[in-house]
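Q: Pasting in a structure now, in structure tokens, and then I'll have a few things to ask.
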Amino acid sequence: MTKNFEIIHREFKTALNKLKYPDSWFWCRYTINPYSGCAHTCIYCDARSQRYYLDQDFENEIIVKTNIDKKLDLRIKRARKLLPDVIGPGGVCDAYQPIEKEVENTLKILKVIAKHKFPLNIATKNKMITRDIELLDKIAE
1 MTKNFEIIHR EFKTALNKLK YPDSWFWCRY TINPYSGCAH TCIYCDARSQ RYYLDQDFEN
61 EIIVKTNIDK KLDLRIKRAR KLLPDVIGPG GVCDAYQPIE KEVENTLKIL KVIAKHKFPL
121 NIATKNKMIT RDIELLDKIA E
């Protein structure tokens, strides 16, 4: 069954979130969400149940974060204390949900991560990740 989601394009003030403590589940110090909301609507998803103070209809809206790659690049360039540490894309969404095929926010983020040589940890249920295998190999070097 395919569900129709309302797609909203919105610019956010920040791209990268620094966690107070490294995430013990995903082993990351930073998170970045290319989208808010998720088309997979997994019954077990904590983002879906917790909502994490998101002001949106998580079940019916996908918010596309516009210019997220530029914001990430600028954040890393301007940082004084930002050390290369693990970034976890998609903490409150699947970074490879269906809208990624059209928008490519995750691909854009991966290019910035590769440029600045940050390590990465991605959790996804979508085989679209294979599209970026060469870039992921470069990041892993």
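Its first residue numbered 1, the sequence shown is counted upward by one per residue in UniProt numbering.
Virtual Cβ for every residue (Gly too), placed ideally from N, Cα, C.
(1) Opposite Ser-24 in the DSSP bridges: which residues?
(2) Going along the chain, which residues of its own chain have a beta-carbon closer than 6 Å to the beta-carbon of Phe-12, five neighbours each way excluded?
(3) Starting from Lys-65 and walking both ways along the alpha helix (DSSP H), at which residues does that stretch end?
(4) Hey, Lys-117 and Pro-84: beta-carbon distance below 8 Å or not?
(5) What is the rounded straight-line gap between the Cα of Asn-67 and the Cα of Ile-87?
(6) Comparing C-alpha positions only, which one of Pro-119, Ile-62, Ile-43, Pro-22 sits nearest to Asn-33?
A: So, to answer that:
(1) Note: Ser-24 is not bridge-paired with any residue in the DSSP secondary-structure output.
(2) Around Phe-12: Lys-65.
(3) Per DSSP, Lys-65 belongs to no alpha helix (DSSP H); it is in the beta strand (DSSP E), 61–66.
(4) Remark: C-beta atoms of Lys-117 and Pro-84 approach each other more closely than 8 Å.
(5) Computed Cα separation, rounded: 18 Å.
(6) Measuring from the Cα of Asn-33, the nearest candidate turns out to be Ile-62.
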